[in-house]
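Here's the structure we're looking at; comments come further down.
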Amino acid sequence: MYMNRNVFFFDIDDTLYDLEYPFRLAFKKMYNYLPKNIHQIFLDFRRYNNEIYDKALNGEISMEYLCIYRTKNSFIDNGISIDDKEAMQFHLVYLDQKKHIKLEDHVRMSLDYIISKSSEIGIISNGPHKEQYNKIKYLDMYKYVDKNNIFVSEDVGFHKPDSRIFCYAKKHIEDNLILNNKLQPYDIPNLKYYYIGDSFENDVIGAKISNFGSIWINHRGYDINCEKYKADFEVKTFEEFYLLIKSII
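Under my numbering, the very last position in the sequence shown is 257; numbers go up by exactly one each time.
Shown next, in the form of structure tokens:
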């Protein structure tokens, strides 16, 4: 069966699922309560993570340092005293609680719709191989994406927003589509690529410099002023995203 001309690549974290959900589970499991400002703690956790995540991916700092840094600083900022050992313990609990993640309902509906229209789905994600593939398994994403259409930065050698990871994924998915008789080589120029993610810096900019259509799921409500790059589509909720997908295909 031949596909239509749309290829949708997805980010994983805070795009396919709500990243705050396992964070809350981890806090509750470790401390047996949830503070009223848990949402702010999570937002600070993500801010500290984003400050130095590129350095961790580049090998300038260790992943362990990153995990301690983001936990310790976000907790201390919100009045919770914590040392390095406890911060690392929280990271391990947080990692374990990710086994409970699930697709956001409207994302699942969008994936079902994309498949029903014979479009192709792929994943481009920053992070360690094992951790990202575990999330793919927990989310039951193999129902939607061929294992050959999954591209994780640790495996590829480049990370978003570097256009090389997008170009690598594009080339490989085209080869797979031809190999699996989903399209002919002369169809390649007619393919339309979209990248879907929650991060403006990694996902929107990465997509734009790689000539992918950019869909920004800005469900955290970030206010970013960038004259050079604009998302082709910005949605504020997952429901809006579902409606957008239906309008594109």
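Each residue gets a CB set at the ideal place from its N, CA and C atoms; glycine is no exception.
If you measure from the beta carbon of Ile223 to each beta carbon in chain C, is any gap under 8 Å? Absent from the structure is chain C; it holds one protein chain and no more.
By Cβ distance, which residues of its chain are closer than 8 Å to Asp163, with the 5 residues on each side in sequence left out? Working through the sequence shown from its first residue, we reach residue 163 at position 155. These residues qualify, in order along the chain: His137.
Could you tell me the boundaries of the beta strand (DSSP E) in which Ile129 lies? Here residue 129 refers to the residue found at position 121 when the sequence shown is read from its first residue. Unbroken beta strand (DSSP E) run through Ile129: Glu128 to Ser133.
Taking just the CA atoms, how far does Ile46 sit from Gly87? The count along the sequence shown starts at 1 and reaches residue 87 at position 79. The count along the sequence shown starts at 1 and reaches residue 46 at position 38. So the two alpha carbons sit approximately 12 Å from each other.
Using the rule of at least 16 other Cβ atoms within 10 Å of the residue's Cβ for burial, across every protein chain shown, is Pro43 buried or exposed? By 1-based counting over the sequence shown, the position of residue 43 is 35. Exposed, because fewer than 16 other Cβ atoms sit within 10 Å of the Cβ of Pro43.
Three-state secondary structure (DSSP) at Glu162? In the sequence shown, the residue the question calls residue 162 occupies position 154. The answer is helix: DSSP assigns Glu162 an H, G or I state.
Along the alpha helix (DSSP H) that carries Phe18, what are the first and last residues, could you check? On the sequence shown, position 10 is the one that residue 18 refers to. For Phe18, there is no enclosing alpha helix (DSSP H); the enclosing beta strand (DSSP E) covers residues Asn14 to Phe18.
Taking the beta carbon of Thr79 as the centre, do at least 16 other beta carbons fall within 10 Å, making it buried, or is it exposed? If you number the sequence shown from 1, residue 79 lands on position 71. It counts as buried.
On a CA-only basis, which of Tyr102, Ser89 and Tyr39 is nearest Glu28? Give me that one, please. For this step, residue 28 is matched to residue 20 along the sequence shown. Of the listed residues, the one whose Cα sits closest to Glu28 is Tyr102.
If we ignore side chains and look at the alpha-carbon of each, how far apart do Ser255 and His108 end up? To locate residue 255, count along the sequence shown from 1; it is residue 247. To locate residue 108, count along the sequence shown from 1; it is residue 100. Looking at the two C-alpha atoms, the distance is approximately 31 Å.
Would you be able to state if there are at least three C-beta pairs under 8 Å between the stretch 196-209 and the stretch 151-158? Judged by pairs of C-beta atoms under 8 Å, the stretch 151-158 does not touch the stretch 196-209, as fewer than three such pairs exist.
By the 10 Å Cβ neighbour count, where 16 or more other Cβ atoms means buried, how is Cys234 classified, buried or exposed? Position 226 of the sequence shown, counting from 1, holds the residue named residue 234. Its Cβ having fewer than 16 others within 10 Å, Cys234 is exposed.
What ranges does the alpha helix (DSSP H) occupy inside the stretch 68-110, keeping only unbroken runs of at least 4 residues that lie completely in it? Listed in chain order, the complete alpha helix (DSSP H) runs (minimum 4 residues) inside the stretch 68-110 are 71-85 and 92-105.
How many Å lie between Thr245 and Phe208 at the Cα? Position 237 of the sequence shown, counted from the start, is the residue given in the question as residue 245. Position 200 of the sequence shown, counted from the start, is the residue given in the question as residue 208. For Thr245 and Phe208, the distance between alpha carbons rounds to 15 Å.
In angstroms, rounded to a whole number, what distance separates the CA positions of Asn189 and Phe18? Reading the sequence shown from its first residue, position 181 is the one you call residue 189. Reading the sequence shown from its first residue, position 10 is the one you call residue 18. About 23 Å.
Shortest alpha-carbon distance to Phe53 belongs to which of Ala95, Asn40 and Ile20? Taking the sequence shown and counting its residues from 1, one reaches residue 53 at position 45. Checking every option, the nearest Cα to that of Phe53 belongs to Ala95.
I think Ile223 touches Asp240, with their Cβ atoms under 8 Å apart; what is that distance to the nearest whole Å? Position 215 of the sequence shown, counted from the first residue, corresponds to residue 223. Position 232 of the sequence shown, counted from the first residue, corresponds to residue 240. That pair is a contact at about 7 Å.
Would Lys151 be called buried (16 or more neighbouring beta carbons within 10 Å of its own) or exposed? Residue 151 sits at position 143 when you count from the first residue of the sequence shown. With fewer than 16 Cβ atoms within 10 Å of its Cβ, Lys151 is classed as exposed.
Which residues does DSSP pair with Lys200 in a beta bridge? Against the sequence shown, residue 200 aligns to sequence position 192. Beta-bridge pairing links Lys200 to Asn14.
Return helix, strand or coil for Tyr25, following the three-state DSSP convention. Here residue 25 is taken as the residue at index 17 of the sequence shown, counted from 1. Reduced to three states, the DSSP call for Tyr25 is strand.
Closest by CA to Leu51, which one among His227, Lys238 and Glu128? Mapped onto the sequence shown, residue 51 falls at position 43. Closest option to Leu51, Cα to Cα, is His227.
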